[in-house]
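Down below is the structure, laid out as structure tokens.
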């Protein structure tokens, strides 16, 4: 067996921009003596320069340095300057013609002796294989042949940037794949085998082995740069294991630690799983009896303030109602034990009514929210700076605007009892509420020109998030609460049905867990819409039939009802394959959707409903009704185009003049204004 070592591996050769210049200089220099355009002294000078560059004994010269070396100290008009001028035209030639750099290497191929047995003619100008110039040219030619089309374009761009000498980013660096594993690959990264063994051991009852494999899995080296640690995941699985074995005390301790870690790291998903598991625990029998309650200065207000953190962490709304009951108990206890609380005005109890209006809105019951709002408005002083009254009135105005009652919303917001007594901070929010009402109306009418030319410069808050009003915005929503639903709507609009399912399912799970049924209904209607696109019309009809009793009255949100009725009509027609019975059933839902979208003045959705209604009437053979629906459709399109051509509105200017006048009056409050 031979122990002789084989030939060493060839070193990688990278074709660089200055190699192209050297090859061109060789083509100009090594020509037949009979056809050469340059005298022997010029050729000899260029050969010496090429030997210095090809040997790579020093740093390669730049393009301008090469041109200076060719000229040297020779006078103008000599052949040295002619050689320099010919080479100076090379960057412009290659930049203008994409095939120029390919032609250079084709000409170089004719000068090379490519076969081993081929002997060059002594009188020819071809390079031998083992000569210095021959090896250089052959390596450059072979490297060029290995380039792809994109590689040739990249070489051309690098050459043009190199000739500019610093005006461009320079030649791109090639990322090499190491043959030997680097240091990072020597680390033992996390493997899922331990977690599989943990699951298997838990299933067959090997408790000690299950805990050992769980610890091994989470003690592995996970990829660096993760946004959050995995400690809360380990604690959650450990709590589930103890819970499944009936070790409730140990499971409760571990689960409380997991909740604290999840809240610290901001992992809302693990926190929701922990809270779901915690609610499955039976009440503890050995729970210690709480001692006497320590009453702070404003106990009921402090308890109500905790509701804000509960809503931000997406915890169930039932916890918020528990806090309201706790606040009422703290208030009653304080009034019985502390006589100073009896001197407080009765409006102190309005805080929990104002918060209940928000919670009922989250639960999707706008009528109960309106009752709480009316109670706050009736039992607080009009024209005061009471923040509870102000928040309730602005919420009532926004709800009226969303229901299509723009005049009612503006009358509520512009009522003197609303803005009289406001502070500057409250005025900013009040002006922002009126601005959002005007923007909502303009965007529903597709008045893009009016929005960008007239309303956007009047934005009082300074913050602008177009994704609240337009679905084609690339930036993410500033509030993570609505991001999943907004992402699903974006993907639905561009036809990515399958991709929109993932964020929509996340939204359904999150809203159902937290009890935010206002958004949960919208997500359910969208789910039915996507299911119909995937051929599951029966499932969509089943979902909408369960949801329709909550929407058909229209007291909560008529936009939801319009969306649900339009989706229901399309699902009925698709499920019945266009039969007469299905079309007749769809007409009643289309009529409701058309009426609601007309009230809301959403021109795009209204035109779609009217177009679909004309198609259904045509299927039924109702020609007059079809023509009437078609006329309404064209009328809606014309109105939208007319609205979009408007760049200003006298009504908007009048409303905004009132807003500015109120701002001036509030800013000058308390100052002595001379009478004239």
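Numbering (mature numbering (1 follows the signal peptide of the UniProt record, and there is no 0)), first residue to last: -33 to -1, 1 to 643. Note that the Cβ used here is the ideal one computed from N, Cα and C, for glycine as well.
Asked                                                                                                                                                                              : Found
Once DSSP output is grouped into helix, strand and coil, what is the label at residue 94?                                                                                          : strand
Using the Cα positions of residue 376 and residue 337, report the straight-line distance between them to the nearest angstrom.                                                     : 14 angstroms
List the DSSP bridge partners of residue 79.                                                                                                                                       : 94
Would you tell me roughly how many angstroms separate the C-alpha atoms of residue 600 and residue 578, rounded to the nearest one?                                                : 6 angstroms
Does residue 589 come out as helix, strand or coil in the three-state DSSP assignment?                                                                                             : coil
Using CA coordinates, which residue listed in 544, 582, 523, 540 is at the minimum distance from residue 328?                                                                      : 523
Rounded C-beta distance between residue 67 and residue 61? I'm assuming under 8 angstroms.                                                                                         : 5 angstroms
Determine contact between the region 278 to 292 and the region 233 to 245, defined as no fewer than three beta-carbon pairs at a distance below 8 angstroms.                       : yes
Since residue 353 and residue 347 are thought to touch, with beta carbons under 8 angstroms apart, how far apart are those beta carbons, to the nearest angstrom?                  : 5 angstroms
If you measure between the beta carbons of residue 452 and residue 486, is that distance less than 8 angstroms?                                                                    : yes
How big is the Cα-Cα spacing for residue 497 and residue -14?                                                                                                                      : 57 angstroms
Excluding the 5 residues flanking residue 16 on each side, which residues of the same chain have their C-beta closer than 8 angstroms to its C-beta?                               : -9, 33, 36, 37
Contact check, residue 510 vs residue 490 under 8 angstroms by CB: the rounded distance?                                                                                           : Contact flag wrong, Cβ pair sits at about 11 angstroms.
Could you tell me the distance, in whole angstroms, from the CA atom of residue 31 to the CA atom of residue 95?                                                                   : 30 angstroms
Residue 341 lies in the alpha helix (DSSP H); which residues open and close that run?                                                                                              : 333 to 345
Quick one: is residue 98 buried, meaning 16 or more other Cβ sit within 10 Å of its Cβ, or exposed?                                                                                : exposed
To the nearest angstrom, how far is the alpha carbon of residue 414 from that of residue 488?                                                                                      : 28 angstroms
Specify, as a first and last residue, the run of the alpha helix (DSSP H) that residue 281 falls within.                                                                           : Here residue 281 belongs to no alpha helix (DSSP H), and DSSP marks it neither H nor E.
Among 621, 454, 110, 458, whose alpha-carbon lies nearest the alpha-carbon of residue 474?                                                                                         : 454
Would you tell me roughly how many angstroms separate the C-alpha atoms of residue 232 and residue 569, rounded to the nearest one?                                                : 42 angstroms
In angstroms, rounded to a whole number, what distance separates the CA positions of residue 12 and residue 102?                                                                   : 21 angstroms
If we ignore side chains and look at the alpha-carbon of each, how far apart do residue 623 and residue 565 end up?                                                                : 26 angstroms
When you compare only the Cα positions, how much space is there between residue 633 and residue 244?                                                                               : 52 angstroms
Given that a residue counts as buried once 16 or more other Cβ atoms are within 10 Å of its Cβ, and exposed if not, what is residue 163?                                           : exposed
When you compare the CB positions of residue 343 and residue 355, do they come within less than 8 angstroms of one another, or not?                                                : yes
Using only the alpha-carbon positions, how far apart do residue 645 and residue -5 sit?                                                                                            : Coverage of the chain is limited to positions -33 through 643, which leaves residue 645 absent and any answer about it impossible.
Looking only at its own chain, which residues have a Cβ that is under 7 angstroms from the Cβ of residue 542, when we skip the five neighbours before and after it?                : 504, 505, 508, 549
Please report the straight-line C-alpha distance between residue 395 and residue 426, rounded to a whole angstrom.                                                                 : 10 angstroms
Cα separation between residue 381 and residue 627?                                                                                                                                 : 12 angstroms
Using the three-state DSSP reduction, which class does residue 461 fall into: helix, strand or coil?                                                                               : coil
Compute the Euclidean distance between the alpha carbons of residue 631 and residue 203, then round it to the nearest angstrom.                                                    : 57 angstroms
In the DSSP assignment, find the alpha helix (DSSP H) that holds residue 512 and state where it starts and stops.                                                                  : 504 to 518
Return the chain-ordered list of same chain residues with a C-beta closer than 7 angstroms to the C-beta of residue 268, the five sequence neighbours on each side being excluded. : 318
Quick check: the region 392 to 410 against the region 591 to 607, are at least 3 beta-carbon pairs closer than 8 angstroms?                                                        : no
Would you mind stating whether residue 75 and residue -19 have Cβ atoms separated by less than 8 angstroms?                                                                        : no
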